[in-house]
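What follows is a set of notes on a single structure, which appears directly below.
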Amino acid sequence: MSLSTVEAIAGDLPPEDPAVKGIQGRTPLQLVVARLRTDRVAIISIVVILLIIILAIAAPLIAGITGHGATDANVDTGTDASGQPLPPGSAGYLLGTDNLGRDILVRIAYGARVSLLVGVLATAIATIVGVVVGLFAGYFGGWLDGILARIMDVVLSFPYVLFAIVLVSVFGSSLPLVILVIAFFSFAAIGRIVRGQALSQREKEYVEAAHSLGAGNLRIMFVDILPNLVAPVIVLATLLIPTAIIFEATLSFLGLGVTPPTPSWGNMLSDAEGVGFQAWWFYIFPMLFLLLTTLAFNLLGDAVRDALDPRAERIFAARRKKAA
Amino acid sequence: MPDPAADGDILLGAEDIVKHFPIKEGIFFKHQVGSVKAVDGVSLQVRRGETLGLVGETGCGKSTLARCIMRLFPLTSGHLTFDGADLSTLSRSGMRPYRRGMQMIFQDPYGSLNSRRRVGSIIGDPLAIHHVASGAERRKRVQGLMEVVGLNPEHYNRFPAEFSGGQRQRIGVARALALHPKLIVCDEPVSALDVSIQAQIINLLEDLQGEFGLTYIFIAHDLAVVQHVSDRVAVMYLGKIVEVADVKDLYSTPHHPYTNALLSASVVADPDKARTRDRIILTGDVPSPINPPSGCRFHTRCPKAQPICSTEEPLLKSGVGDPPGHVTACHFPVAEGEKLASEKATILHAVEGFLAEAPT
Amino acid sequence: MTRFLIRRIVFGLITLWVIITLVFVLYYARPGVDPARELAGRAVTPALLENINKEYGFNLPVIVQYWNYLKRLVPIPGQFNLGTSNVNRLPVTTIIAQAVPIDISLAVGSAILWMVLGISVGVLAARRPRSLWDRGATVFVLTGVSMPTFILGLLLLYVLYYLLTIHGIAIFPKPGSWTPFTQNPLEWAHDLLLPWITLALITAATYSRLTRSSLLETLGEDYIRTARAKGLSERRVVYRHGLRSSLTPIVTQFGIDLATVLGGAIITESIFGLPGLGLTVVQAIEVENLPVVIGIVLVASFFVVAANIVVDALYAVLDPRVRVS
Ligand SMILES: Nc1ncnc2c1ncn2[C@@H]1O[C@H](COP(=O)(O)OP(=O)(O)OP(=O)(O)O)[C@@H](O)[C@H]1O
Ligand code: SF4
Ligand SMILES: [Mg+2]
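Residue numbers (our numbering), protein chains in the order written: chain A, 1 to 324; chain B, 1001 to 1360; chain C, 2001 to 2325.
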């Protein structure tokens, strides 16, 4: 897999067409909110995401209530008489324990922090860098564009897992490095789209108007063109979050992301693999949470894309009628 | 050449302005294989307080000339002076201070306003860019401008999409007016609007001219509109000015065969002349600006063309007995009352196309 | 056309050169790092260090080292040299040559599966937009992109290997099984079935989306409507016209994906214990076997660059418009 997948999933991004009826006079944000409210799948995904955010925030609280820290090996209560891990539902351990007697629920909650942090931060960095690079390439064109566009093509076509593990193995794994590496391999997905859009936006008359008023290049790029790219950027950023989460989990699974004993869903699965399938609950919970999170973000991204698409107004109008 | 000395007060002087767009090809290193000669040696003077009309067929280079005057791109060659300052070779940042004095109104009331920004910030843009006013002060001035152009100041926070075409063009006018410029270049400001709205915008522009002492360069397809608003009119053909005259002279006694063709094909608000004028047959298509004809560029279609026309380029000069300032670039100017072609009311598609693009 | 290809090949070579240089900087010329020590790995002895220093010339000026490094990578027999493993002293080229057949096997099987699966789901979805089929395809696509490879791999192993095996139905081989094609083609396919399915399911999603959106686009175009109006059957219209023009984005994606698998399907190989380039590199990193890591990175980069060039060539054949651009 390579990150150009994200672009493929983003598909045809909503074109900017303010003339289309139904989106007149509303900011993209208002419009998206109005439309998402009629979209059941979107609401469910948002609820799931919120629940996972709450889980992440409440991690210390959960640790406090259960009395088990995320890295505590509960030698006395966490294993049964023969030293075997406890299955889910055991007293005091809702989701069971792992082979070291650690509370899986608490570890899942702390793992959520890692996943969300990496997902959001890496995406934020990738988005900022991608927008800046894409704007410069598309707006200025010429040799600068030639170089930047090809660099982005190359970054997107490279097997990022291989390069990520090489970089991490050279510099030693740390969360900031993992975030930076993920951001580096993701920025091009946004940059390429932004470049294409900037390329067409710069031919618009409003850009010429700004120029005739005396606006400088930077002002034209960031004050005039950027607001016109909000829709595609939002869609792509939403779709990049789950990609980043998977990326981190993969690195951690390979032992090159978050270093044990700090829990992350990826390294929990790697621990599980070391034990074997007989303790299924080692596997099932990190898998479930990871999948739930990435699926929720992807569904939301898909819904946001539809919501931002002016061509989709008919569908949303019909939905509103049905709801009324 | 019109005699600049005759008028003390030239606001804008263009001398031999050339703008060629290169056509490039190549694998690694692009090399130029030709160029679109969009504007190819235009000289013009615009006097303070007047309205200079600019007419010509589609693709003849009117917008390019407007952009040259606004210095929206570097000139290929030529001299441009504005209010005594030489703008010909200024850089983008060097141009900035002068932009306060010259503004532009665009043809497309949709495309020229950023649909993702609020009207208040669009109109306030020039004030922000030139650090004239900020915060509440800017808001006050913007709302003042909105009132001046006939918009409701309470619509400050609306998006352009919430306005009609005519209102949007008013937004464009307000933006152009914000810095109290001396010159406003209007590139077909009404051709995208309904006829009923056109008059409103034209009237607004005329009122503002009186109120703020503006000078206009007014580009249009519609000869009637140009006649209505202009003091003088320049006619353009394939990147060159072929005739300049006071509006009355030009519409009553056009000397250039091309001007005659344009006027004969159009219904102009000059009851006596227009009705008696025969329609003129133009033969052939508009030549490409990449390879313009030699000599007089009009010779491929001109009913009066002679051998010399294809070898020697006619210069702009005034004929015997012409009023001052009426200049024509033709070896064989049309005399008053001269019939150019048959009475058949056939117009070639070139001119017909020209009319078709004018709003009906 | 030729000019277009020349441009792309030159660009590919430049890309390769940049990567090669980055690898050099990263491993051999990073300030504060003794490259000989790094190359020596865990079994380090003073004699070994001296040997490496002599072999690689680490006491020479950096620019000379760089020049020699580049020379070692020029693909001429006798000169081409990726060094030796610091674990078993085998030439890195030999190690890579042992691993590559596995990656080729993985790529061939999974690519066929993901193309067939991805394109058929995409066609089904595009023929009846917003139907139940289309919704099903969307679920398939979104699940596919939301699914980390290692989770799918583990799930398949758990259900199809572990659960079946403990219930006495041992259909699928245990992880780590690998039979060369030349030895026994049936056994080869049997051993690779689960890895193939894993890679195919993960990758197919992209192809479904690509097929669906470009099919929808082309099916809406005028000439397709004309074809329909001419009375060509729905099938013909979809296959002859629609699919043909959807080929370009698919070919691009295919090149990238194929190169990625060829350069080492790291996760799939790790989970199913297949000793291809992916597992080899992960194991080499674990034991600090730097020469092997560098060798595999270079080989994988070469695959990607080569795939990009091939894709560009195909692209030019399929879509004449790009030739002039
Ligand atoms: N940026 C550009 N690059 C290349 N050619 C251009 C460019 N801008 C204009 N041209 C060409 O220059 C010629 C003059 O164009 P211009 O827009 O100035 O005509 P115009 O008189 O304003 O026409 P219209 O009435 O349609 O607005 C045309 O042939 C056009 O194709
Ligand atoms: S110079 Fe000759 S060709 Fe040109 S307009 Fe005059 S008569 Fe016609
Ligand atoms: Mg124009």
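All C-beta atoms, glycine included, are put in the ideal place defined by N, C-alpha and C.
By the C-beta density criterion, A/F171 is exposed, having fewer than 16 other C-beta atoms within 10 angstroms. Short of 6 Å from the beta carbon of B/I1201, and not among the five residues preceding or following it, lie these beta carbons of its own chain, in chain order: Q1169 and V1190. Against chain A, the beta carbon of C/N2308 has neighbours under 9 Å at D153, V154 and S157, listed in chain order.
Counting every other CB atom within 10 Å of its CB across the protein chains shown gives A/W281 a total of 16 or more, marking it as buried. Contact fails between the stretch 2241-2258 of chain C and the stretch 124-140 of chain A, because fewer than three Cβ pairs, one in each stretch, are under 8 Å apart. Counting only the Cα atoms, A/V118 lies some 49 Å from B/L1145.
A distance below 8 Å separates the beta carbons of A/A122 and A/I179. For C/F2150, the enclosing alpha helix (DSSP H) stretches over residues T2149 to L2156.
Look at B/D1187: its beta carbon is less than 7 Å from one of the heavy atoms in ligand 3. Around the CB of A/S157, 16 or more other CB atoms lie within 10 Å, so the residue is classed as buried. A Cβ of chain A is located within less than 8 Å of the beta carbon of B/R1099. Close to chain A, meaning a Cβ-Cβ distance shorter than 8 Å, are the following residues of the stretch 2134-2156 of chain C: T2138, V2141, L2142, T2143, V2145, S2146, M2147, P2148, T2149, F2150, I2151, L2154 and L2155.
Distance check between C/W2067 and each of C/V2044, C/Y2028 and C/E2050 places C/Y2028 closest, using alpha-carbon atoms only.
Residue contact check for A/L290 against chain C: a CB pair falls below 8 Å. Per the C-alpha coordinates, the member of C/L2026, C/L2049, C/L2290 and C/P2075 positioned closest to C/T2084 is C/L2290. Within the model, the alpha-carbon separation for B/G1319 versus B/L1262 is close to 20 Å. For ligand 2, residues qualifying as neighbours are B/P1257, B/C1296, B/F1298, B/H1299, B/C1302, B/K1304, B/A1305, B/C1309, B/P1314, B/C1330, B/H1331 and B/F1332, where qualification means a beta carbon closer than 5 Å to at least one of its heavy atoms (chain order). By the Cβ rule, the stretch 211-229 of chain A counts as touching the stretch 1086-1102 of chain B, because three or more pairs are nearer than 8 Å.
When Cβ-Cβ separations below 8 Å define contact, A/R150 makes contact with chain C. Under a 10 Å Cβ-count criterion, C/Q2183 is classified as exposed, with fewer than 16 other Cβ atoms of the shown protein chains found around its own Cβ. When the five nearest sequence neighbours on each side are left out, the beta carbons in the same chain lying within less than 7 Å of the beta carbon of A/M268 are those of R107, G111 and P286, in order along the chain.
The secondary-structure analysis by DSSP pairs A/S212 with nothing; it has no beta-bridge partner. Remark: C-beta atoms of B/V1039 and B/I1017 approach each other more closely than 8 Å. Close partners of A/D224 in chain B (Cβ separation under 7 Å): N1114. C/D2134 and B/H1155 have their C-alpha atoms some 44 Å from each other.
Taking the beta carbon of A/F277 as reference, the chain C residues within 9 Å of it are L2154, L2157, Y2158, Y2161, Y2162, L2163 and I2166, listed in sequence order.
Assignment of C/A2316 by DSSP, reduced to helix, strand and coil, places it in the helix class.
Here C/G2255 is actually not in contact with C/A2205; their C-beta atoms are around 17 Å apart, not less than 8 Å. One residue after another in chain order, those with a Cβ under 5 Å from a heavy atom of ligand 1 are B/F1021, B/V1036, B/A1038, B/T1058, B/G1059, B/C1060, B/G1061, B/K1062, B/S1063, B/T1064 and B/P1289.
Shown here, A/F163 sits in a helix according to DSSP, grouped into three states. According to DSSP, B/Y1216 shares a beta bridge with B/T1051 and B/I1184. Short of 7 Å from the beta carbon of C/P2129, and not among the five residues preceding or following it, lie these beta carbons of its own chain, in chain order: L2216. Against chain B, a Cβ distance below 8 Å from A/N228 picks out N1114, S1115 and R1116.
Bridge partners of B/F1021 according to DSSP: B/V1036.
By the neighbour-count criterion, in which a residue is buried when 16 or more other Cβ atoms sit within 10 angstroms of its Cβ, C/E2038 is buried. C/S2085 is outside the set of residues whose beta carbon lies under 8 Å from a beta carbon in chain A.
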